[in-house]
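Colleague: One line per chain: the protein sequences are A and B, in this order. 1 is the number of the first residue of the first sequence in the numbering used here; add one for each residue after it. 1001 is the number of the first residue of the second sequence in the numbering used here; add one for each residue after it.
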Amino acid sequence: MAPFELAEPHTLSEAIALLNAGDVPVRAIAGGTALMLMMKAGVFQPARLVSLRRVEACHAEITVMPDGGLSIGAMATLSSLARSAAVKQAAPVITQTLKTLSNVRVRNVATIGGHLAHGDPHMDLPPVLTALGAQVRTLSPVGERTRAVADLYTGYYETVLADNELISEVIVPPQSGSLAAYLKITTRAADDWPTLGIAVSLQMEADIVKAARIVVSAATNTPLRLEVAEQTLLGTTLDAVTLLRCGDAAVSSVELAADAHGSAAYKRELLRVYTQRALRQALAVQL
Amino acid sequence: MSATRTIHFTLNGDPVTAQIGTHQHLVEVLQAQGLTGARESCAQGLCGCCTVLVNDVAVSGCLYLAAFADGADVRTIEYAPAGKLDVVQEAFIECGAFQCGYCTPGFILMTRQLLDAHPDPSEDDIRHYLSGNLCRCAAYPEIIKAVKLAAVKRRG
Ligand SMILES: Cc1cc2nc3c(=O)[nH]c(=O)nc-3n(C[C@H](O)[C@H](O)[C@H](O)COP(=O)(O)OP(=O)(O)OC[C@H]3O[C@@H](n4cnc5c(N)ncnc54)[C@H](O)[C@@H]3O)c2cc1C
Ligand code: FES
Ligand code: FES
Chain A
1 MAPFELAEPH TLSEAIALLN AGDVPVRAIA GGTALMLMMK AGVFQPARLV SLRRVEACHA
61 EITVMPDGGL SIGAMATLSS LARSAAVKQA APVITQTLKT LSNVRVRNVA TIGGHLAHGD
121 PHMDLPPVLT ALGAQVRTLS PVGERTRAVA DLYTGYYETV LADNELISEV IVPPQSGSLA
181 AYLKITTRAA DDWPTLGIAV SLQMEADIVK AARIVVSAAT NTPLRLEVAE QTLLGTTLDA
241 VTLLRCGDAA VSSVELAADA HGSAAYKREL LRVYTQRALR QALAVQL
Chain B
1001 MSATRTIHFT LNGDPVTAQI GTHQHLVEVL QAQGLTGARE SCAQGLCGCC TVLVNDVAVS
1061 GCLYLAAFAD GADVRTIEYA PAGKLDVVQE AFIECGAFQC GYCTPGFILM TRQLLDAHPD
1121 PSEDDIRHYL SGNLCRCAAY PEIIKAVKLA AVKRRG
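Structure representation (structure tokens):
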């Protein structure tokens, strides 16, 4: 890696001020697991990195809010989320997803803020948090903003975040009465990068689907909600015919792209089958 | 601000001061200290050959900025406070859980972490926890035996 200047401010606002550097490449570094790979590969050569590891400790806290939702500080590590009783209670699908999200050492260091800001469409939590209707709070010289995780991504490794805008917090709204599941399909080890990710969340009322979110990842430029497929579920009891129809609607409503983990044709068949399996799994959680 | 700095940390129990480049990762700096137990292999967080404990938390040294170790308690496979092998190391030897030994320091350190968290791991727990450690000699069956034996010895 090439040399760079490393700043280690003690507050998030100082960090934001240090991200303003005119034309030279400056970036925040949290755990560094994603950034180190890019720097080692020579894809990214910063003039300055602004480390977030010394910012106020409150930015790593995980708390249950009065309404039952979750507040997760951007600097919380993925391991701390995996171990958190509050997360397991409020949104067990997150706990489940973390089990096969990379390996122990990466989870020990990687942060939720870095995870959401990186923008690799293969990542596991963006589709899950999109299905849960989660939001991020961000801070920049312009002030504080709240953005839906669903609106963060604009393209392959591209986000709406400004160069001097940092995620401070992730908010997961209360999930009472909703059922969720995430299936990660890998072709080698279970914790490998997915060939396809599919996250679903259902609001049920007496066995009838009132609202649904279906989000596909790892086969499109950004995690993507499949609204046409969602529509097929509304007002149904998720009977076998509905599930089949939903799988078909998912496939015909989206253009999937091939990558090192599988061809587009393969991913289409995975999407057809795993949309149904994810919905079944969400329902099974209820039992 | 410059691209080099002086960091202070505890290395296997002893205080160390090191002059580092801010872009250097932890394995590079440990090797400059004469420690070769943590070694870079895949260089991308996948194989665990570079495992180091920072404040008792296992990290991939190849992806960890050395500057982040400033003020930390750093331990490597060379750490042996009792001056002898521990039960995990004994179990690996008794089970012949290696051929070339390149991956072994990482497997030993991760096995200790695993047993701290799960004193009586199932085979599934073992496979899952160690999925981020690769043995290119494929000594996996013996490694799993060694972890089970180490668990028994520890509970001893
Ligand atoms: C071996 C390996 C395997 C992996 N496998 C998986 C996997 O199976 N599934 C998966 O989902 N992911 C996987 N990952 C990716 C991993 O989840 C990310 O590397 C990690 O979450 C990034 O977090 P970080 O804190 O290390 O980010 P960093 O590397 O520090 O930062 C990443 C990006 O986010 C920016 N950033 C950091 N913090 C903030 C913030 N608070 N606000 C705004 N921008 C910020 C940085 O500027 C940078 O652009 C894997 C990574 C490795 C190394
Ligand atoms: S060399 Fe660091 S994980 Fe392989
Ligand atoms: S013993 Fe050779 S790599 Fe594991």
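Heads up, the beta-carbon is just placed ideally off N, CA and C, and yes, glycines get one too.
Is glycine 1045/B near ligand 2 - that is, is its Cβ less than 7 Å away from at least one heavy atom of it?
Modeller: yes
Colleague: Let me check one thing: in DSSP terms, what residues is alanine 1117/B bridge-paired to?
Modeller: None; alanine 1117/B has no bridge partner.
Colleague: Name, going along the chain, the residues of the region 1049-1075 of chain B whose beta-carbon falls closer than 7 Å to a beta-carbon of chain A.
Modeller: Thr1051, Val1057, Ala1058, Val1059, Ser1060, Leu1063, Tyr1064, Leu1065, Ala1067, Phe1068
Colleague: Tell me which residues share the same chain as proline 1081/B and place their Cβ nearer than 7 Å to its Cβ, disregarding the 5 neighbours each side in the sequence.
Modeller: Gly1013
Colleague: At the level of alpha carbons, what is the spacing between alanine 1146/B and valine 1074/B?
Modeller: 25 Å
Colleague: By Cβ distance, which residues of its chain are closer than 6 Å to alanine 215/A, with the 5 residues on each side in sequence left out?
Modeller: At residue 215/A the sequence reads valine, which differs from the alanine that was named. Same-chain partners within the cutoff: Pro127, Thr130, Ala131, Ala199, Pro223, Arg225.
Colleague: Rounded to whole angstroms, what's the CA-CA distance from leucine 287/A to alanine 240/A? Just pull it up for me.
Modeller: Annotation note: pLDDT 48 at leucine 287/A (below 50); position unreliable, coordinate value reported separately. Whole-angstrom Cα-Cα distance: 18 Å.
Colleague: Name the chain B residues whose beta carbon is nearer than 9 Å to that of glutamate 5/A?
Modeller: For glutamate 5/A, the residues of chain B that pass the 9 Å Cβ criterion are Met1001, Ser1002, Ala1003, Thr1022, in the order they occur in the chain.
Colleague: Using a Cβ cut-off of 8 Å, pull out every chain A residue sitting near serine 1131/B, in sequence order please.
Modeller: Asn103, Ala189, Ala190, Asp191
Colleague: If you count every other CB in all the chains shown that lies within 10 Å of the CB of threonine 274/A, and 16 or more means buried, which is it?
Modeller: The residue asked about is misnamed: residue 274/A is tyrosine in this sequence, not threonine. By the 10 Å Cβ count, tyrosine 274/A comes out buried.
Colleague: Among Leu152/A, Lys210/A, Glu144/A, whose alpha-carbon lies nearest the alpha-carbon of threonine 237/A?
Modeller: Lys210/A
Colleague: Nearest to alanine 206/A by alpha carbon, out of Met36/A, Arg105/A, Val172/A, Leu234/A?
Modeller: Leu234/A
Colleague: Provide the residue span of the alpha helix (DSSP H) that contains serine 252/A, from first to last.
Modeller: 240-252
Colleague: Check each residue of the region 1026-1044 of chain B: if its Cβ is closer than 9 Å to any Cβ of chain A, include it; give the result in chain order.
Modeller: Ala1043, Gln1044
Colleague: I want to check one thing, is the minimum distance from the CB of valine 109/A to the heavy atoms of ligand 1 below 7 Å?
Modeller: Judged by the Cβ position, valine 109/A qualifies as a neighbour of ligand 1 at the 7 Å threshold, a heavy atom of the ligand being closer than this.
Colleague: When we look at the beta-carbon of serine 176/A and count the other beta-carbons within 10 Å, is it buried (16 or more) or exposed?
Modeller: Burial call: exposed.
Colleague: Would the beta-carbon of serine 1131/B fall within 8 Å of that of alanine 189/A?
Modeller: yes
Colleague: Taking the Cβ atom as the reference point for each residue, do arginine 1005/B and threonine 1017/B lie within a distance shorter than 8 Å?
Modeller: no
Colleague: Taking 8 Å as the cut-off, decide whether the C-beta atoms of histidine 1008/B and glycine 1061/B are in contact.
Modeller: no
Colleague: Using a Cβ cut-off of 8 Å (strictly closer), state whether valine 27/A contacts chain B.
Modeller: Note that residue 27/A is arginine in the sequence shown here, rather than valine. With 8 Å as the cut-off, arginine 27/A does not count as an interface residue toward chain B.
Colleague: Reducing DSSP to helix, strand and coil, say where alanine 28/A ends up.
Modeller: strand
Colleague: Just to confirm the assignment, what range does the beta strand (DSSP E) spanning glycine 1021/B have?
Modeller: Taken as a continuous stretch (DSSP letters only), the beta strand (DSSP E) holding glycine 1021/B covers 1014-1021.
Colleague: Report all residues from its chain with a CB closer than 6 Å to the CB of alanine 250/A; omit the five preceding and five following residues, and keep chain order.
Modeller: Leu226, Ala229, Leu271, Thr275
Colleague: Looking at alanine 218/A and threonine 195/A, is the spacing between their C-beta atoms short of 8 Å?
Modeller: In this structure, alanine 218/A lies closer than 8 Å to threonine 195/A by Cβ.
Colleague: Could you tell me which uninterrupted beta strand (DSSP E) segments, each at least 3 residues in length, are contained entirely in the region 1064-1115 of chain B, listed from first to last along the chain?
Modeller: 1073-1075
Colleague: For the beta strand (DSSP E) that contains glutamine 96/A, what are its first and last residues?
Modeller: No beta strand (DSSP E) contains glutamine 96/A, which is instead part of the alpha helix (DSSP H) from 92-99.
Colleague: DSSP on glutamine 203/A, reduced to helix/strand/coil?
Modeller: strand
Colleague: Report the CB separation of arginine 48/A from alanine 7/A in whole angstroms; it is logged as a contact under 8 Å.
Modeller: A Cβ-Cβ separation of about 6 Å places arginine 48/A in contact with alanine 7/A under the 8 Å criterion.
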